[in-house]
Amino acid sequence: KKKSLLVLLIITIISLCVFFFEKNSSSVDLNDTNKNTAIETSSNDPIKGYTPNQIRYAYGIDKLDLYGENQKIAVIVPYGSPTIENDVSIFNKQFNLPDLALKISYPCGEPDKIDMNWAAETSLDVQWTHALAPKATISLIISKTDSIDDLLKCIDYAVSNNEHIISMSWGFNEFQNELSYEKYFDNKNITFIASSGDGGPQVNWPAVSPNVLAVGGTTLTLNKDSNITEKEGLWSNSGGGISKYINAPKYQGNLNVGAAKNYRSVPDVSFFADSSVGVAVYCSTKYNPHISGWTNLAGTSLGPPAWAAFTSLVNEKLGYPIGNINEILYNLATDKNQYTTNFRDITNSTDNIGYDLSTGIGSPIENMLFKYLTNK
1 KKKSLLVLLI ITIISLCVFF FEKNSSSVDL NDTNKNTAIE TSSNDPIKGY TPNQIRYAYG
61 IDKLDLYGEN QKIAVIVPYG SPTIENDVSI FNKQFNLPDL ALKISYPCGE PDKIDMNWAA
121 ETSLDVQWTH ALAPKATISL IISKTDSIDD LLKCIDYAVS NNEHIISMSW GFNEFQNELS
181 YEKYFDNKNI TFIASSGDGG PQVNWPAVSP NVLAVGGTTL TLNKDSNITE KEGLWSNSGG
241 GISKYINAPK YQGNLNVGAA KNYRSVPDVS FFADSSVGVA VYCSTKYNPH ISGWTNLAGT
301 SLGPPAWAAF TSLVNEKLGY PIGNINEILY NLATDKNQYT TNFRDITNST DNIGYDLSTG
361 IGSPIENMLF KYLTNK
């Protein structure tokens with residue numbers, strides 16, 4: 001049975017979460033209600049959304065004098081973008097970032113078509129990984145289709161290529177035999193990171209894997225000086241919930257994780273995802289009759305690149321890959337003093353303090369969390 005792959009990307013111009021489904025053929029298409037939507041942007045438009053410097057300041061990354069040097073990050077995405085190298089170059093010039101020698105691989109062969117939404121996803125993932133870890137080596141691993149088989153081949157390729165961190169801003173609704181795929185993530189020396197989803201209270205794979213760091217979404221209000229003016233809050237579309245099929249890992253046992261006692265809860269952590277603001281992205285892939293250029297994108301798609309970049313800074317300081325960090329983060333969260341120092345607790349009226357089924361442990365104070373992780 002084919003699985004439905006979700007594009008965990010919010011197109012902020014229309015504030016719409018885009019979903020994909022697989023037909024009986026190998027092709028994919030938008031849901032019927034979404035077929036006529038597109039990212040309406042212009043290369044002459046002013047920059048929209050938060051900039052790299054704003055996000056770096058808001059999360060404390062600017063206080064770290066590290067940039068991911070000699071670290072390897074793999075970004076896995078279906079279809080990719082034919083203009084990604086040009087788009088990254090324009091993004092870098094706009095924000096005074098160093099050039100990126102992007103490594104592009106096609107483990108399943110090159111895609112047979114261009115998909116505008118996956119092109120935008122590719123731009124977001126690559127540009128923001130580079131923005132937050134500008135000296136890291138980024139491998140863009142492109143799946144020929146959005147089928148689970150092709151994506152698993154890409155994961156295998158990334159593992160065999162000795163990538164330190166693997167970022168996956170996509171997901172399938174969880175399915176009964178998902179445990180059979182755990183072998184793909186059973187490598188303690190690699191940090192696997194996935195979006196929790198943009199569909200509200202639901203569980204997605206691979207985020208639900210106990211060996212994957214699942215990232216939910218928050219809202220973040222910044223002033224002109226990039227200071228947070230309101231408490232970082234829950235983004236209403238952030239995915240999360242309790243698995244039907246995967247038992248609770250030991251690292252969640254010592255923490256109150258919503259209603260879950262016996263099953264895996266997601267997400268684990270969170271990051272900015274608010275579609276009403278988004279972050280600046282450049283995508284020049286053409287799709288008539290719409291033009292292309294600067295736009296603002298968000299959704300939980302931003303979380304994996306951001307956490308991947310942060311993890312690369314930790315690895316750089318340590319001198320070795322930290323690998324699976326889930327247990328370390330949950331142990332931290334059981335210590336109230338450490339928790340409030342290293343995370344912003346994201347709660348609403350129905351969620352528990354400390355862990356929430358939309359934002360996990362919370363959103364990182366990265367300069368403080370960096371110190372904790374590198375002093376362990």
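Under UniProt numbering, the first residue of the sequence shown is numbered 1, with each subsequent residue one higher.
We put the beta carbon where it would ideally sit given N, CA and C, even for glycine.
Computed from a predicted model, the values in this text were never measured in an experiment.
With a minimum length of 4 residues, the unbroken runs of alpha helix (DSSP H) contained wholly in the stretch 142-171 fall at 148-160. Separation of the CB atoms of L66 and E316 is rounded to 5 angstroms, and the pair is thereby assigned contact status at 8 angstroms. If you draw a 10 Å sphere on the C-beta of Q54, you find 16 or more other C-beta atoms in it, and that means buried. Distances from the alpha-carbon of A101 to those of V88, Q94, P111 put V88 closest. Using a Cβ distance threshold of 7 angstroms, L255 and T347 do not count as a contacting pair. Between G216 and S358, the beta carbon gap of about 5 angstroms places them in contact (Cβ cut-off 8 angstroms).
Between the alpha carbons of I166 and P78 lies a distance of about 14 angstroms. In this structure, P46 and A131 do not form a Cβ contact; the two beta carbons are roughly 18 angstroms apart against a cut-off of 8 angstroms. Rounded to the nearest angstrom, the Cβ distance from I114 to T221 is 36 angstroms, too far for a contact under 8 angstroms.
Here S143 is not near P304, since their CB atoms are 7 angstroms or more apart.
Within the model, the alpha-carbon separation for S226 versus N247 is close to 41 angstroms. Comparing alpha-carbon positions, the option among K93, T219, K371 lying closest to V279 turns out to be T219.
Taking C-alpha positions only, K183 is separated from F272 by approximately 30 angstroms. By alpha-carbon distance to Y282, the top candidate from Q71, Y59, D150, S81 is S81.
Secondary-structure assignment with DSSP links K72 through a beta bridge to T137. Membership of G303 in the alpha helix (DSSP H) is indicated by the continuous run 303-318. Per DSSP, the unbroken beta strand (DSSP E) holding F272 starts and ends at 269-272. No residue range can be given for V203, since it is assigned to no beta strand (DSSP E) and is classified by DSSP as neither H nor E.
For K103, the enclosing beta strand (DSSP E) stretches over residues 103-105.
Burial check for S160: the Cβ neighbour count within 10 Å stays below 16, so the residue is exposed. Here the alpha carbons of G293 and Y251 stand approximately 43 angstroms from one another. Exclusion of the five residues before and after N92 leaves P98, D99, L100, H130 as the residues of its chain whose Cβ lies within less than 8 angstroms of its Cβ. Under the 10 Å beta carbon count, K72 is surrounded by 16 or more other beta carbons and is classified as buried.
Membership of F192 in the beta strand (DSSP E) is indicated by the continuous run 191-195. Under the 10 Å beta carbon count, T229 is surrounded by fewer than 16 other beta carbons and is classified as exposed.
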